[in-house]
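Same order as they appear, the protein sequences are chains C and H. Going by my numbering, the residue at position 17 of the first sequence is 17; the numbering climbs one at a time, nothing skipped. If you count the second sequence from 1, you need to add 1000 to reach my numbering. We treat Cβ as the ideally placed atom computed from N, Cα and C, and that holds for glycine. Keep in mind that this is a model prediction, so the values were computed, not measured.
Protein chains: 2
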Amino acid sequence: MVTRVSFVAGDTGGWEIEAIGAIRGAPLSRATRLARHEGPEFHSGPCVWSIDGVRSNDRYVTRDEKQRLAANQPALDRRDARLGALIPILKSDEWWALPQDERRAIFEERSRHIAVGLDYIPAIARRLYHCRDLGSAWDFLTWFEFAVHDRPAFDDLVGKLRDTEEWQYVAREVDIRVHRVA
Amino acid sequence: MVTRVSFVAGDTGGWEIEAIGAIRGAPLSRATRLARHEGPEFHSGPCVWSIDGVRSNDRYVTRDEKQRLAANQPALDRRDARLGALIPILKSDEWWALPQDERRAIFEERSRHIAVGLDYIPAIARRLYHCRDLGSAWDFLTWFEFAVHDRPAFDDLVGKLRDTEEWQYVAREVDIRVHRVA
């Protein structure tokens, strides 16, 4: 069975929201706390906003890339990873109309999404959730965890990705920065 | 917004069920009629069984394959297409653990899934729905429509696909044959 996640913004949750930056398109409303609920069911309850996703299969990685990621990717919930970021992204209809080979070429051969990400592990822990098939307002949610001293590296990573050809197909992006309180 | 489908088996619906064949794994219960509800929401109501899916982006096709499919693929609801088939499929965990390049190689370079399918259009109309990310018991639903005189061709098509390397990763498959009553 698929593993589900709900990111719930409101006044409870283990992460205090520092900033909600609208990178492209409509923003998300201000809230003080963020909770990440991962399990067999979506989480529902009172909130300012909530976004659901699922852990699913890889869509672009090759065997070699998958192995390099698996060998170096840190786990979530590291004791010293006091900072987090949730970045929901919606890509354009134009992106989704592209065939698989052209999406892959833009994603990696030309934008080096995986290669750039590999430069920042093991410092930056990352988990990708899919939501496009759920009929969500978003296509993906990426959750990151890192230490305070790796904040400049994280800013550098997202800055590099936002400069790529792939990001020309991003229709909406919000960058939610948090720190751990629990 | 995503387009949703619900295939509902019971005693109403525009398709009379002729046979429900369990090709691999657990069967589905017998019912007399099948309805295909496609729209912005899933359909709920009394039924013997119901399976939901969504229309989503292509996962394997190249630009060239996509164009050849688009140029030749017939629409659904052709007047002379009196027969239909619904084939829900679940692939194995082993399949989903493969990286994208290896799934593509098995799917097309070695099993020729797209090339074989192209040999049977424009006779066989086909629509693929995804359900893996919905937490379904199935990964895909494929719906076919064809004329009575193309039934041998359709049997030939599914027979060829079931002989491929790709099909070694099919964990469950049911083949529901119907004819149009409405």
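Applying the criterion that 16 or more other CB atoms from any shown protein chain within 10 Å of the CB defines a buried residue, is residue i buried or exposed?
{"i": "SER1111(H)", "result": "buried"}
{"i": "ALA97(C)", "result": "exposed"}
{"i": "GLU145(C)", "result": "buried"}
{"i": "GLU1065(H)", "result": "buried"}
{"i": "ASP133(C)", "result": "buried"}
{"i": "GLU1041(H)", "result": "exposed"}
{"i": "ASP150(C)", "result": "buried"}
{"i": "VAL61(C)", "result": "buried"}
{"i": "PRO27(C)", "result": "exposed"}
{"i": "HIS113(C)", "result": "buried"}
{"i": "ARG103(C)", "result": "buried"}
{"i": "ALA182(C)", "result": "exposed"}
{"i": "GLY84(C)", "result": "buried"}
{"i": "ILE1128(H)", "result": "A small fix is needed here, since residue 1128(H) is Leu in this sequence, not Ile. So LEU1128(H) ends up on the exposed side."}
Consult DSSP for residue i and reduce its assignment to one of helix, strand or coil.
{"i": "HIS43(C)", "result": "coil"}
{"i": "TRP167(C)", "result": "helix"}
{"i": "LEU34(C)", "result": "strand"}
{"i": "ILE20(C)", "result": "strand"}
{"i": "ASP1211(H)", "result": "The question about residue 1211(H) has no answer here: the residues shown for chain H are numbered 1001 through 1182."}
{"i": "PRO994(H)", "result": "Because chain H here runs from 1001 to 1182, residue 994(H) falls outside it and cannot be looked at."}
{"i": "ALA138(C)", "result": "The amino acid at residue 138(C) is misidentified as Ala; the sequence shows Trp. It is coil, neither helix nor strand."}
{"i": "LEU76(C)", "result": "coil"}
{"i": "LEU1086(H)", "result": "strand"}
{"i": "LEU1098(H)", "result": "coil"}
{"i": "GLY1117(H)", "result": "helix"}
{"i": "ALA1183(H)", "result": "For chain H, the structure presents residues 1001 to 1182; residue 1183(H) sits outside this window and is missing."}
{"i": "ALA1071(H)", "result": "helix"}
{"i": "ARG162(C)", "result": "helix"}
{"i": "ARG59(C)", "result": "coil"}
{"i": "ASP11(C)", "result": "coil"}
{"i": "ARG1112(H)", "result": "coil"}
Starting from the Cα of residue i, find the closest Cα among the options and give me that residue.
{"i": "LEU1118(H)", "options": "ASP1011(H), PRO1074(H), PRO1040(H)", "result": "PRO1074(H)"}
{"i": "ASP1077(H)", "options": "ALA1137(H), TRP1143(H), GLY1025(H), PRO1099(H)", "result": "TRP1143(H)"}
{"i": "CYS1037(H)", "options": "THR1062(H), ARG1104(H), PHE1007(H), SER1056(H)", "result": "A small correction: the amino acid at residue 1037(H) is His; Cys does not occupy that position in the sequence shown. Nearest of THR1062(H), ARG1104(H), PHE1007(H), SER1056(H) to HIS1037(H), Cα basis: PHE1007(H)."}
{"i": "ALA1019(H)", "options": "ARG1180(H), PRO1046(H), ILE1176(H)", "result": "ILE1176(H)"}
{"i": "GLN1168(H)", "options": "ALA1147(H), PHE1107(H), PRO1122(H)", "result": "PHE1107(H)"}
{"i": "GLY14(C)", "options": "THR32(C), TYR129(C), ALA22(C)", "result": "THR32(C)"}
{"i": "ASP139(C)", "options": "ARG59(C), VAL158(C), ARG63(C)", "result": "ARG59(C)"}
{"i": "GLU1016(H)", "options": "VAL1148(H), PRO1122(H), ALA1035(H), ASN1057(H)", "result": "ALA1035(H)"}
{"i": "HIS1179(H)", "options": "GLY1025(H), ARG1082(H), GLY1039(H), ASP1011(H)", "result": "ARG1082(H)"}
{"i": "VAL1054(H)", "options": "GLY135(C), GLU109(C), VAL54(C)", "result": "GLY135(C)"}
{"i": "THR12(C)", "options": "GLY21(C), CYS47(C), ASP80(C), GLY39(C)", "result": "CYS47(C)"}
{"i": "ARG24(C)", "options": "ILE124(C), ALA123(C), PRO152(C), SER92(C)", "result": "SER92(C)"}
{"i": "GLN1067(H)", "options": "ARG30(C), PRO99(C), GLU165(C), ILE124(C)", "result": "PRO99(C)"}
{"i": "GLU109(C)", "options": "LEU141(C), ASP80(C), VAL148(C), GLU166(C)", "result": "GLU166(C)"}
{"i": "ARG79(C)", "options": "ALA147(C), LYS160(C), LEU141(C), ILE124(C)", "result": "ALA147(C)"}
{"i": "ALA1115(H)", "options": "SER1029(H), ALA1137(H), THR1164(H)", "result": "THR1164(H)"}
{"i": "ILE1124(H)", "options": "PHE1154(H), ARG1030(H), ALA1137(H), LEU1141(H)", "result": "PHE1154(H)"}
Would you please state the rounded distance, in angstroms, between the beta carbons of residue i and residue j? I believe it to be under 8 angstroms.
{"i": "ASP52(C)", "j": "ARG126(C)", "result": "In fact, because the Cβ distance is near 19 angstroms, the residues do not count as touching under 8 angstroms."}
{"i": "PRO1088(H)", "j": "VAL1174(H)", "result": "6 angstroms"}
{"i": "LEU1090(H)", "j": "ALA1171(H)", "result": "5 angstroms"}
{"i": "SER1056(H)", "j": "HIS1130(H)", "result": "4 angstroms"}
{"i": "LEU157(C)", "j": "TYR120(C)", "result": "5 angstroms"}
{"i": "ASP1101(H)", "j": "ARG162(C)", "result": "Between ARG162(C) and ASP1101(H) the Cβ distance is about 26 angstroms, and since that is not below 8 angstroms, they are no contact."}
{"i": "TRP49(C)", "j": "ALA9(C)", "result": "5 angstroms"}
{"i": "PRO152(C)", "j": "ASN72(C)", "result": "The Cβ separation is near 20 angstroms, so there is no contact."}
* Give the residues from the segment 70-102 of chain C that approach chain H closer than 7 angstroms (Cβ to any Cβ), ordered along the chain. => Within the segment 70-102 of chain C, contact with chain H at the beta-carbon level (separation under 7 angstroms) is assigned to TRP96, PRO99, GLN100, ASP101, GLU102.
* **Against chain C: residues of the segment 1147-1174 of chain H by CB proximity under 7 angstroms** => Taking 7 angstroms as the Cβ-Cβ cut-off, the segment 1147-1174 of chain H has no residue approaching chain C.
* **Selection of the segment 121-135 of chain C by Cβ proximity to chain H, strictly under 9 angstroms** => Of all residues in the segment 121-135 of chain C, HIS130, CYS131, ARG132, ASP133, LEU134, GLY135 have a Cβ within less than 9 angstroms of some Cβ in chain H.
* Asked: Residues in the segment 40-63 of chain C with C-beta within 8 angstroms of chain H's C-beta atoms, listed in sequence order?
  -> Those residues of the segment 40-63 of chain C that come within reach of chain H (Cβ to Cβ, closer than 8 angstroms) are VAL54, SER56, ASN57, ASP58, ARG59, TYR60, VAL61, THR62, ARG63.
* Asked: Which residues, taken in chain order from the segment 1005-1030 of chain H, show a beta carbon closer than 7 angstroms to some beta carbon of chain C?
  -> With the criterion set as a beta carbon lying under 7 angstroms from some beta carbon of chain C, the segment 1005-1030 of chain H has no members that meet it.
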